[in-house]
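The working numbering puts the first residue of the sequence shown at 1, with every later residue one more than the last.
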Amino acid sequence: MLVIRAHCRLKLKGGSRGMALHCWWLAALILMVLAACAPSAGLTSLPDQSPSPAPVVSSQERTTGQPAKPLATPTLADPPSSSPAPVPMVDVSLHDVPLEDIVFDTFGGSPRFVALSAASEELILDLRDAIAPVAQPVYGGPGALPWLEDTHLVMGYRSDDSAFAYPINVMNRHEIVNDVIDGVPLAVTYCPLCFSGVVFSREMDGRLLTFGNTSALYQSDMVMYDHQTGSYWFQVGGEAVVGAMTGARLSLLPSTTMEWGDWRRLNPETQVLAGTARDPERFAAPTYQSGIPASYQTQINRERFAFPVDENKLDTRLAAGEIVVTVETGNGAKAYPLGLIGDGAVNDSVAGTPVVVLAQDSRRAAAAFSPVTPGPDGFALLFDYSEDRQAFVDRETGSAWDLGGMATEGPLAGVQLKPLNTRRAFWFSIAIAFPGIDVYIP
């Protein structure tokens with residue numbers, strides 16, 4: 001089977017660069033292609049009695065009561081009235097991966113992809129943000145997207161006071177969201193080719209970065225660029241691999257991926273990505289209902305990648321398409337394979353720091369927390385999963401806990417565990433980003 005990354009570009013009036021919508025295709029058997037724009041199995045629309053769309057607000061307006069302000073350097077996906085500063089060309093004299101290993105998707109052109117080492121400046125500029133990032137995002141209440149079903153996956157991010165959901169079907173088409181939430185500048189990033197959802201801080205050494213999409217891939221994973229230096233960033237690892245910032249790594253922020261129904265139950269006041277400042281209801285369109293077929297994971301397990309992957313970088317400890325969640329503390333990191341854990345709790349440590357991973361593979365969800373209760377008298381807990389109670393239960397007090405790390409019943413009811421930094425992706429991309437990473441095997 002072959003996955004083809006195809007884009008249907010829509011030019012804005014007046015000759016401005018543009019916004020682009022992209023469609024996914026999965027070729028099955030002999031030259032049989034299924035358009036991702038058509039509904040995929042398990043991704044049907046909500047019943048007629050779905051809730052009415054809620055009013056939409058930007059994150060800044062919702063949390064501060066003030067009108068949304070543009071980012072320091074808005075992306076090209078939703079440009080402001082005045083033109084942003086020109087983005088520098090990437091300095092290819094500085095790099096720590098071979099330039100020929102970074103390839104531009106030509107979206108149906110010939111050849112199908114072009115290596116950075118052979119790409120012209122014209123091609124590089126033409127392909128910038130062909131997959132349009134989301135700038136100045138606008139959020140709505142749980143009913144803002146009528147097509148969003150309980151079984152659809154979302155990336156979830158919690159600030160100190162609020163919860164935000166980024167539907168994977170929207171991220172499939174836009175891949176990057178630049179935002180400032182409760183004073184924290186962040187980039188929500190997702191690459192459909194390696195199922196990689198990661199949230200990064202956009203602050204680095206006192207500089208605020210804004211990210212766009214190069215339309216290039218490194219080891220079949222999205223390559224971002226920053227507007228400030230033009231440097232190229234390997235998405236899964238959050239590492240600059242070409243340009244002035246080569247070798248720098250973005251700081252990771254806690255996030256989780258789970259089914260929308262679970263996220264909404266855990267966070268009933270959640271806001272959901274609904275559109276942009278120019279089109280606040282853009283993502284309510286039924287075209288966003290479609291997703292990538294589940295059979296794509298089988299293709300990755302067979303090591304049939306959409307773009308070049310160095311087979312010498314693959315790690316056979318797990319299948320290439322195994323979904324793993326990394327837990328990162330201090331200078332340590334460890335990968336936890338969701339399919340091998342199943343529905344269960346993993347009591348473990350990373351670089352000497354105790355961690356607990358709560359997983360429900362049947363619901364395609366996992367999250368990691370510090371097992372130490374908060375406060376000066378905090379104490380460590382050990383967890384199990386109770387099939388009877390359909391909850392995680394600590395051994396010390398018998399309290400029941402949900403997947404969000406909140407005690408819902410028992411002596412510790414109301415206690416919230418501290419979430420840990422995680423990233424989630426297919427194993428092949430994690431293994432390439434973090435060679436030799438420790439792996440938890442039950």
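We treat Cβ as the ideally placed atom computed from N, Cα and C, and that holds for glycine.
Source: prediction; values computed, not measured.
For residue 375, count neighbouring C-beta atoms within 10 Å of its own C-beta (all shown protein chains included) and say buried if the count is 16 or more, exposed if not.
That one is exposed.
If residue 433 and residue 276 are in contact, beta carbons under 8 Å, what's the gap, nearest whole angstrom?
Not quite, the Cβ-Cβ distance comes to about 30 Å (not below 8 Å), so this is no contact.
For residue 441, count neighbouring Cβ atoms within 10 angstroms of its own Cβ and tell me buried if that reaches 16, exposed if not.
Per the 10 Å Cβ criterion, exposed.
For residue 413, collect the residues of the same chain with a Cβ closer than 7 Å to its Cβ; drop the 5 residues on either side in sequence, then sort them by chain order.
Answer for residue 413: 399 and 407, listed in chain order.
Check whether the stretch 422-439 and the stretch 175-187 are in contact - that is, three or more C-beta pairs closer than 8 Å.
Touching, no, given that fewer than three Cβ pairs across the two stretches are closer than 8 Å.
Kindly give me the distance between the Cβ atoms of residue 237 and residue 90, rounded to whole angstroms, as I take these residues to be in contact under 8 Å.
About 18 Å separates the two Cβ atoms, so there is no contact after all.
Let me know the secondary structure DSSP gives residue 100 once reduced to three states.
Helix.
Pop quiz: residue 127 and residue 214 are said to be a contact at Cβ under 8 Å. What is the actual Cβ separation, rounded to whole angstroms?
Rounded, the Cβ-Cβ distance is 7 Å, consistent with contact.
What does a CB cutoff of less than 7 Å around residue 444 pick up in its chain, not counting 5 residues either side in sequence?
Outside the displayed span of the chain (1 to 442) sits residue 444, for which this structure offers no information.
Are there 16 or more other CB atoms within 10 angstroms of the CB of residue 205, so buried, or fewer, so exposed?
Flag for residue 205 reads exposed.
Using DSSP with H/G/I as helix, E/B as strand and the rest coil, what is residue 217?
DSSP places residue 217 in strand when its eight states are reduced to three.
Between which two residues does the alpha helix (DSSP H) containing residue 273 stretch?
Counting along the chain, residue 273 falls outside any alpha helix (DSSP H), though it belongs to the beta strand (DSSP E) covering 271-276.
Could you check what DSSP says for residue 391 in three-state terms: helix, strand or coil?
Three-state DSSP puts residue 391 in a strand.
Would you call the stretch 376-391 and the stretch 241-257 in contact, with 3 or more CB pairs under 8 Å?
Short answer: they don't touch.
What residue ranges within the stretch 154-241 form continuous alpha helix (DSSP H) runs of no fewer than 4 residues, ordered along the chain?
Fully enclosed alpha helix (DSSP H) runs of 4 or longer: 168-174.
Between residue 439 and the rest of its own chain, which residues show a CB-CB distance below 6 Å, the 5 nearest in sequence each way excluded?
Same-chain partners within the cutoff: 317 and 335.
Can you name the residues that DSSP bridges to residue 328?
333 and 421, per the DSSP bridge assignment.
Let me see if you follow: with CB-CB separation under 8 Å, is residue 92 close to chain C or not?
Looking for chain C here will not work: only one protein chain is present.
Judging by CA-CA distance, which residue of 437, 86, 425 and 429 is the nearest neighbour of residue 256?
Nearest of 437, 86, 425 and 429 to residue 256, Cα basis: 425.
By the three-class DSSP mapping on this structure, what secondary structure does residue 256 have?
Residue 256 falls in the strand class under three-state DSSP.
Out of 164, 225 and 130, state which residue places its alpha-carbon closest to the alpha-carbon of residue 138.
Closest by alpha carbon: 164.
Would residue 198 pass as a contact of residue 102 if the rule is Cβ separation under 8 Å?
Contact: no.
Give the C-beta separation of residue 212 and residue 129 to the nearest angstrom, bearing in mind that I take them to be a contact with Cβ-Cβ under 8 Å.
Confirmed, about 5 Å.
Okay, do the stretch 218-232 and the stretch 306-314 touch, 3+ Cβ pairs below 8 Å being the bar?
Judged by Cβ distances under 8 Å, the stretch 218-232 makes contact with the stretch 306-314, as three or more pairs qualify.
Residue 406 bridges to which residues according to DSSP?
DSSP lists 416 as partners of residue 406.
Cβ atoms of residue 131 and residue 203: under 8 Å apart, would you say?
Cβ atoms of residue 203 and residue 131: not closer than 8 Å.
So, helix, strand or coil for residue 264, using DSSP?
Helix at residue 264.
Could you tell me whether the Cβ atoms of residue 417 and residue 369 are closer together than 8 Å?
Yes. Within cutoff.
Secondary structure at residue 428, three-state DSSP: helix, strand or coil?
In the structure shown, residue 428 sits in a helix (DSSP, three-state: H, G or I).
Is residue 363 helix, strand or coil when you go by DSSP?
Helix.
Nearest by alpha-carbon distance to residue 162: which of 264, 193 and 234 is it?
When each option's Cα is compared against that of residue 162, the closest is 264.
In whole angstroms, what is the alpha-carbon distance linking residue 116 and residue 92?
Looking at the two C-alpha atoms, the distance is approximately 9 Å.
Along the alpha helix (DSSP H) that carries residue 339, what are the first and last residues, could you check?
338-341 is the span of the alpha helix (DSSP H), which, as asked, contains residue 339.
Give me the Cβ distance between residue 300 and residue 320, rounded to the nearest whole Å; I'm assuming they're in contact under 8 Å.
With 8 Å as the limit, residue 300 and residue 320 qualify as a contact, their Cβ atoms being about 5 Å apart.
With burial defined as no fewer than 16 other Cβ atoms inside 10 Å of the residue's Cβ, what is the status of residue 270: buried or exposed?
Buried: at least 16 other Cβ atoms inside 10 Å.
For the alpha helix (DSSP H) that contains residue 385, what are its first and last residues?
Here residue 385 belongs to no alpha helix (DSSP H); instead the beta strand (DSSP E) covers 383-386.
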